[in-house]
Amino acid sequence: MKLGYDYIVIETNQLVSFLKEVKTNHLSIINLKQIDQDIYSFYTPIYQRYIIKKLNLKITKSIGILHYLLLVLRLPHIFFTIAFVASLIIYPCFIYNYKIAGTNTKVNKELKIYLEKNIPYLHTSLTYEELNQLYDHIKDKFSKEIDYLNIYQNGGIIHIEYTNAVNNKKQTLDYNDYVAKKDGIICKVDVKKGNVVVRLNQYVKKGDLLISHLIEGTDQKTKIIPTSGEIYAYTYYRYKLSIDKNNLSKEDNFEYLLFQIRSKLPKNVKIDKEKVISYDIIDKKLVLEMQYVFIENIAVKEK
Amino acid sequence: MKKLSLSYIRKGGNMLYIQKNKILIKHYQNVMTLKENLFECTLDKQIISISGNHIEIRYYGTDEILLYGQFTQIKMT
């Protein structure tokens, strides 16, 4: 039997007598070795411990599975073992947590409230039928927010996985032409739908057609297509501002005028260039004239 | 299956299995001498003396003894 052994060290000058006693008591000895003069060591099977006690031998150490098994079954370890085994059996019988896997925080929060209300802490574990019912309820309740739903129970935890509902709103198609709202030179074309009738670096005037809803196919037939997009162009502006000469100190005049002009610039444009055209005194007034090159979307729907 | 390196002597109710460095004695009665170079035990009506080097008991049971070592001589008296 190789399940477990006790290791024993004895001190005797009459080993033969000891062996005789061992034989009389039907004890088995394994690996008898002489450690020192009159000191011997050997192993005995754990199941013969009662003989060891009878012979008043001292166990130095023990090895093997049986040894650990006996350790576990001893007091007070037996209580911990029973508690551990009981927890393994009892814990999966109750629900003590939920795990929701989804990206919509609002839905997650509502799901948690819903679960806490319907399945309180330490509720008995759900049957397949109850899980199916829960699935149907959640699917109905969150039909607008959830597309795919999966509910399963793993031990004492209910797992809920879902994917967000795809936005199925109908898009209204637009068949208007897009025209230029200002003069400019085309620098960027960002058109999703429609027939683009201008090229990059092309100069366009206000009212020129940029995106058309008509396109001619290879069969020479004209088709009507929806239009959508943005066309960016370099546009040119001049701003002129004047103040009374005596109003400010000499050093602040230019900065003040520049600041005033800049504050009047449109906000939805990107400034490409800024240039001072003139800075003069005309009729006792300081006059600043600036030129700007903007990059802006010039495409607007034709009405 | 027959082990080629194993031989045995059967005399009366006793049995002796001999391998290269192992000797198994069945149905022994008492150990008389246990030294590093000599082992003696009584059998039913005989005494068996085993001489050699580094003799040690690998297994000591109620009815059998397994010896390990470098054996040089076995005497039955």
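Protein chains in written order, with this note's numbering: chain P, 1 to 303; chain B, 1 to 77.
Glycine residues also receive a C-beta, built at the ideal position from the N, C-alpha and C atoms.
With its beta carbon at least 9 Å from every one in chain B, P/HIS159 lies outside the interface. P/LEU257 is positioned such that its CB atom lies closer than 9 Å to that of P/LEU288. Between the region 177-187 of chain P and the region 143-161 of chain P, the count of Cβ pairs shorter than 8 Å is below three; the stretches do not touch. Scanning chain P for C-beta atoms nearer than 7 Å to the C-beta of B/LEU38 yields nothing, as the closest lies near 12 Å away. Close partners of P/SER28 in chain B (Cβ separation under 8 Å): TYR59, TYR60, GLY61 and THR62. Annotation note: the region 183-256 of chain P contains the following uninterrupted beta strand (DSSP E) runs of length 3 or greater, listed N- to C-terminal: 184-193, 209-212, 214-216, 222-224 and 228-244.
P/GLN37 has a beta carbon lying at 9 Å or more from every beta carbon in chain B. Among the residues of chain B, those whose CB is under 8 Å from the CB of P/LYS20 are ASN30 and VAL31, following chain order. Taking the Cβ atoms as the reference, P/LYS193 lies roughly 4 Å from P/SER228, within the contact range of under 8 Å. The region 75-95 of chain P makes no contact with the region 135-143 of chain P: fewer than 3 CB pairs, one atom from each, lie closer than 8 Å. Taking 9 Å as the upper bound on Cβ-Cβ separation, chain B lies near residues ASN31, LEU32, LYS33, GLN34 and PHE42 of the region 31-58 of chain P.
Chain B has a Cβ within less than 9 Å of the Cβ of P/LEU15.
In its chain, beyond the 5 residues on either side, PHE42 and TYR43 have a beta carbon closer than 7 Å to the beta carbon of P/ASN31. Close partners of P/LYS2 in chain B (Cβ separation under 9 Å) are lacking, with about 13 Å as the shortest Cβ gap.
Closest option to P/LEU55, judged by alpha-carbon separation, among P/GLU21, P/LYS284, P/ILE90 and P/SER278: P/GLU21. P/LYS273 is positioned such that its CB atom lies no closer than 9 Å to that of P/ASN176. In the DSSP assignment, B/CYS41 forms a beta bridge with B/VAL31 and B/ILE48. The beta carbon of B/LEU16 sits no closer than 9 Å to any beta carbon of chain P. For P/SER278, same chain residues with a beta-carbon under 6 Å away, outside a window of 5 residues either side, are GLU289 in chain order. When secondary structure is reduced to three states using DSSP, P/PRO266 falls in the coil class, being assigned neither helix nor strand. For B/LEU34, the nearest CB of chain P lies under 9 Å from its own CB, placing it at the interface with that chain. Chain B has a Cβ within less than 9 Å of the Cβ of P/LYS23. Under DSSP, P/GLU296 takes part in a beta bridge, and its partners are P/ALA233.
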